[in-house]
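Here is the structure we will look at, set down as structure tokens.
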Amino acid sequence: MTEEPDRFTELVGPADPRATWALPALGQMPVTLALEPLVTRILAPNPSGMTLDGTNTYLVGEPGSGQAVLVDPGPDDTDHLDRVTAALAFREARCVAVLVTHHHWDHAEAALPWAAQFEAPVAAADPAVCGPTGQVLEPGEHLHLAGTTIDVVPTPGHCGDHLAFRIESGAVLVGDHVLGRGTSVVTHPQGDVTAYLESLRRVHDLGPAALYPGHGPELTENPMAVLDFYLAHRRFREQQILTLLLGAAQSIPALVEVIYAVVPRALWPAAEQSTRAVVAKLEAQGRVLVAGDNVWLVG
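Put into structure tokens, the structure is as follows:
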């Protein structure tokens, strides 16, 4: 028997700072909540293993402006639309634009139909999300909408068209780049771990006052610590893979079985795609070789 299994079990992952925070339990998030004067969050009714409590939809706008920007409308669900409409009415605001962090259906499905209903344009990085009359957003743009300024922050990695939006309070609406619970999935081939790490550092450099994620509760206590944890977690996943490869070549399903042993099997398909994304990064760096499902160390 080799000592590689012992080396693997001796690895200790980074501590998640949120473990000690007073966050609402899974399934206990309020449906509608004013997070700050600029922002109201409305929770979509689409909870799942991948979407956690559901998709977070946000209204952003200066109080008293009579306007609001809708960020990540989420699924095209009648009850969700009713709640968003009620939140707009409570703010005494009309929707003047729909912003989308990325093209995944749980964030973008309602963008075009709701924008048509609100008579507002859609803005996103993906032209298909924007539709023929929408605006394709460019990194670094400053959007002057609803009495406030929203900065467009490129955050590719989870997928190529991913954006975050920094608002005047210093908070960042991060979509699926950072989640309120657990860690974000970066899948192969759509996701890119190298780009994801660069994007994490880019958001870290902003020094966000809060992180408002696409799924899970708001992160206000120490957002920088969460970003540090995310970076450390990615390094840890690489270390796990490299350690398991010390003894011999491994198949990607075999890596998943060991690394994600405590994760429900229903989530293993996503875990496998995430592992493939890490392996693709290591292959691009010349640290591993890949043939089909098999991976082994170089040298």
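Here the sequence shown is numbered in my numbering, starting from 3 and rising by one per residue.
The beta-carbon is built from N, C-alpha and C at its ideal position, and this holds for glycine as well.
Fair warning: this is a prediction, and the values are worked out from it, not measured in the lab.
- DSSP lists 144 and 168 as the beta-bridge partner residues of residue 153.
- Every unbroken stretch of the beta strand (DSSP E) spanning 3 or more residues and falling wholly within the segment 23–68 is given here in chain order: 34–38, 41–45 and 58–62.
- Secondary structure of residue 139 (DSSP, three-state): coil.
- In its chain, beyond the 5 residues on either side, 272 and 276 have a beta carbon closer than 6 Å to the beta carbon of residue 187.
- When the alpha-carbon of residue 144 is set against those of 169, 164, 128 and 80, the nearest one is in 169.
- In the DSSP assignment, residue 115 falls within the unbroken alpha helix (DSSP H) covering 113–120.
- For residue 91, the enclosing alpha helix (DSSP H) starts and ends at 80–92.
- Sixteen is the threshold: when 16 or more other Cβ atoms of the shown chains lie within 10 Å of the Cβ of residue 201, as they do, the residue is buried.
- Partner residues in a beta bridge of residue 235, as assigned by DSSP, do not exist.
- According to the DSSP assignment, residue 134 belongs to no alpha helix (DSSP H), since it is labelled neither H nor E.
- A direct Cα-to-Cα measurement between residue 253 and residue 104 gives close to 31 Å.
- Across the structure, residue 223 and residue 55 are spaced so that their CA atoms are roughly 20 Å apart.
- Between residue 122 and residue 62 a beta carbon distance of about 13 Å is seen, past the 8 Å cut, so the two are scored as non-contacting.
- Within the model, the alpha-carbon separation for residue 19 versus residue 215 is close to 16 Å.
- Selection 219, 242 and 250 evaluated against residue 34 yields 219 as nearest (Cα-Cα).
- In terms of Cβ geometry, residue 44 and residue 93 do not form a close pair [threshold 8 Å].
- The segment 58–77 makes contact with the segment 155–175; the number of CB pairs closer than 8 Å reaches 3 or more.
- Per DSSP, the continuous alpha helix (DSSP H) segment holding residue 110 begins and ends at 107–110.
- Between the C-alpha atoms of residue 129 and residue 163 there is a straight-line separation of about 10 Å.
- Separation of residue 236 and residue 68 (C-alpha to C-alpha, rounded to the nearest whole angstrom) is 42 Å.
- Taking the CA atoms as reference points, residue 261 sits about 15 Å from residue 297.
- Residue pairing by DSSP puts residue 177 in a beta bridge opposite 215.
- Judged by DSSP in its simplified three-state form, residue 253 adopts strand.
- The continuous alpha helix (DSSP H) containing residue 202 extends over residues 195–207.
- Comparing alpha-carbon positions, the option among 299, 283 and 282 lying closest to residue 290 turns out to be 299.
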